[in-house]
Amino acid sequence: MTGLAKTYLEPQYLSATHGFRSDEEMMDLLGSYYLTGNETEQARNLFDDLQMEEKGHASETFPEFKARFQSAAIMGQVSESEWFRYMWNKLTPQFGRYL
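Read in order, the letters of the sequence shown correspond to residues 12 to 110 in the working numbering.
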């Protein structure tokens, strides 16, 4: 183990008296540190802000963008029936002219 997960788990993992009773207990502890309860809302906000060729993705191809788009849509729980409309709005104007 390395990083923050190690910091969170190690004390209880190494404890002779308060050790983890199951892997589920370990995951619950990690979840208490990492899960906010707003993951879907945060993912939806990231999806809403997603644009083709945005900063950090200046030379991305359509298949690369489509993979990012689908991942963000799934994580943000966007209805699949709405994907086409959203994708059309998120393409670069230059790309949209070729479709």
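Just so you know, even glycine gets a beta-carbon here, dropped at the ideal spot from N, CA and C.
Contact check for Phe58 against Ala78 fails: the beta carbons are separated by 9 Å or more. Comparing alpha carbon positions, the residue from Asn100, Gly14, Met86, Phe95 closest to Gln53 is Met86. Residue Leu61 holds the alpha-carbon nearest to the alpha-carbon of Ser82 among Ala27, Leu61, Gly67, Glu71.
Taking all protein chains shown into account, Met38 has fewer than 16 neighbouring C-beta atoms within 10 Å of its C-beta and is therefore exposed.
Collapsing the DSSP output to three states places Met86 in a helix. Cβ contact annotation for Ser90 (same chain, cutoff 8 Å, sequence separation greater than five): none. Judged by DSSP in its simplified three-state form, Gln23 adopts helix.
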